[in-house]
Amino acid sequence: MVMTTTKTMKTAVYYRNTDVRLEERPIPTIGPGELLVKTMACGLCGGETMEWYLAPRAPKILGHEPTGVVVQVGAGVKGIKEGDRVFVHHHVACMRCHYCQRGYFTMCEQYSKSGIDPGGFAEYFRVPSENAYFDTLVLPDEISFEEGTVIEPMACVLHGVRQTPISHGDTVAIVGLGFMGMCYLELVRLSPAGRIIGIDFSDWRLEKALQLGATHIINPKKESPVDAIKEINEGRLADVVIVTAPTVKAWEQGFALCAKGAHIHFGAPPPPDASLSINPNFLYFNEIKINSAYSASHIDTRSVLEMLASGRLDAKPLITHQFGLDGVQEAIQMLLQAGESLKSIIIPDLTKS
Ligand SMILES: [Zn+2]
Ligand SMILES: [Zn+2]
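Counting along the sequence shown from 1, when you hit position 180 you're at 191 in the working numbering, and nothing is skipped either side.
This is the structure in structure tokens:
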């Protein structure tokens, strides 16, 4: 009789925001066109604290901002070899459907169904052939594994910025300065914007925003954002408003900050049962243009990789905490408390026990 032993790995399994367990799972096996990657780092996303979305899908291994080293290459893979340092995008579009043909890759039916197996909060993950083919990027030497974790979320933000026209001299207001807000700030700083106004309840984050290129900051606990922007901006409101917080309150605040002719961009979703009341007369007579961006395409990830490699974008100030796989629950709690933290990344090698 032949004894077979399945090799196992450590993973962090999500049950609820207050219940994430370290569990052993089999190391995935790969087929043709696929890759096996040893996870070196993986960011924790704000979406991974949305219990309303995650609890019905639990138990689940999260993590979709991974970088790692390719340890096994399936038959037929071209351009990627064992030992390569890579970023892997968990979502890829089919490239053939109506939406893909029109360039709306994240609206593709296949897009949100695609994923890595079992997730980035594991010592290893399998990269399906589509992801290996379309959106696995070899990291240049300039980008560390830690910095590479920022590619996916920054690409989501770039996807939003690309849809939001910012003209020379525009006053841009960013509502919410968590990690995503800071990503918007870094990209807006590279635009021809005039004033860049950061709005958040945390003085620590506001201070950080000034360091990252905000020209003005407003804490709504201390002053009315509407009055404060008018004071900064010659009596006008903002030409471009970017709302990064996933709450109805933040969306309402965003509309209140729109100047005539403003573009307002929404970068994060309130829960599915949320509703918002808005005066259509105001929207019409002020020619307010609304857009939103969900996730990122293979074009956005490549663009961000180039911007990080060239040093035009800096991921380092955005990564504030590191945890092992045993620290995912703590990282989730830290993100929810929105204190003195931006991005937490999970490093499997730091796992204790
Ligand atoms: Zn995410
Ligand atoms: Zn498609």
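The C-beta atom is built at its ideal place from N, Cα and C for all residues, glycine as well.
The structure presented is a predicted model; accordingly, all values stated were derived computationally and were not measured.
Checklist entry - Buried or exposed: which applies to F136, given that a residue is buried once 16 or more other Cβ atoms fall within 10 Å of its Cβ? => result buried
Next on the checklist: Relative to the C-alpha of P359, which candidate in P37, R27, N28, T78 has its C-alpha closest?
Outcome noted: Of the residues P37, R27, N28, T78, the one whose Cα lies closest to the Cα of P359 is T78.
Checklist entry - Thinking C-alpha only, which one of Y195, V186, G205, P164 is nearest R236? => result Sequence check: residue 236 is Pro here, not Arg. Considering only Y195, V186, G205, P164, the residue with the shortest C-alpha distance to P236 is V186.
Item to check | Residue closest to F190, alpha-carbon to alpha-carbon, out of P39, D211, I243 | outcome: D211
Item to check | Contact check, G278 vs V168, beta carbons under 8 Å | outcome: yes
Checklist entry - Within 7 Å: the Cβ of P129 and any heavy atom of ligand 1? => result no
Checklist entry - Using a threshold of 7 Å, is the CB atom of C194 nearer than that to any non-hydrogen atom of ligand 1? => result no
Checklist entry - Is F98 helix, strand or coil by DSSP? => result strand
Checklist entry - beta strand (DSSP E) containing H276: first to last residue? => result 269 to 277
Next on the checklist: Based on DSSP bridge pairs, tell me the residues matched to Q83.
Outcome noted: L47
Item to check | Counted within 10 angstroms of its Cβ, other Cβ atoms place G265 as buried (16 or more) or exposed | outcome: Label assigned to G265: buried.
Checklist entry - Is there at least one non-hydrogen atom of ligand 1 closer than 7 Å to the beta-carbon of G58? => result Because some heavy atom of ligand 1 lies under 7 Å away, the Cβ of G58 counts as near it: yes.
Item to check | Given G205 as reference, the closest of N244, D152, S140, Q112 once Cα atoms are compared | outcome: N244
Checklist entry - Taking one C-beta from the region 96 to 110 and one from the region 138 to 148 each time, how about it: are there three or more such pairs within less than 8 Å? => result yes
Item to check | Boundaries (first-last residue) of the beta strand (DSSP E) holding E34 | outcome: E34 -> beta strand (DSSP E) spans 30 to 37.
Next on the checklist: Suppose you measure from the CA of A239 to the CA of V183; what does that come to, to the nearest Å?
Outcome noted: 14 Å
Checklist entry - Does any heavy atom of ligand 1 sit closer than 7 Å to the C-beta of P164? => result For P164, the CB falls within less than 7 Å of some heavy atom of ligand 1.
Checklist entry - Going straight from the alpha carbon of E263 to that of Q340, what length do you get? => result 31 Å
Item to check | Identified DSSP bridge partners for Q333 | outcome: I356
Next on the checklist: Would H100 and D146 be called neighbours here (beta carbons separated by less than 8 Å)?
Outcome noted: yes
Next on the checklist: Assuming K18 and I41 are in contact, meaning their beta carbons sit under 8 Å apart, how far apart are those beta carbons, in whole angstroms?
Outcome noted: Rounded, the Cβ-Cβ distance is 13 Å, inconsistent with contact.
Next on the checklist: I'd like the list of long-range same chain contacts for G54, defined as Cβ closer than 6 Å, with 5 residues on each side in sequence excluded.
Outcome noted: Within the same chain, G54 has close Cβ partners E76, T160, K354, I356.
Item to check | Whole-angstrom distance between I343 and L336, CA atom to CA atom | outcome: 12 Å
Next on the checklist: Is Q264 a contact residue of ligand 2, with contact defined as CB to any heavy atom under 7 Å?
Outcome noted: no
Item to check | Check whether I330 and E157 have beta carbons under 8 Å apart | outcome: yes
Next on the checklist: Only counting the same chain, and skipping five residues up and downstream in sequence, which positions put a Cβ closer than 7 Å to that of M318?
Outcome noted: L324
Checklist entry - In three-state terms, what does DSSP make of K71? => result strand
Checklist entry - Between the region 304 to 311 and the region 110 to 120, do three or more beta carbon pairs fall short of 8 Å? => result yes
Next on the checklist: Among A66, I253, L47, whose alpha-carbon lies nearest the alpha-carbon of N28?
Outcome noted: Comparing Cα positions, the closest option is A66.
Next on the checklist: According to DSSP, simplified to helix, strand and coil, what is M106?
Outcome noted: coil
Next on the checklist: Going by beta-carbon coordinates alone, are A225 and I253 separated by less than 8 Å?
Outcome noted: no
Item to check | CB of T312 within 8 Å of CB of E163, strictly | outcome: yes
Item to check | Backbone secondary structure at N302 - three-state DSSP | outcome: strand
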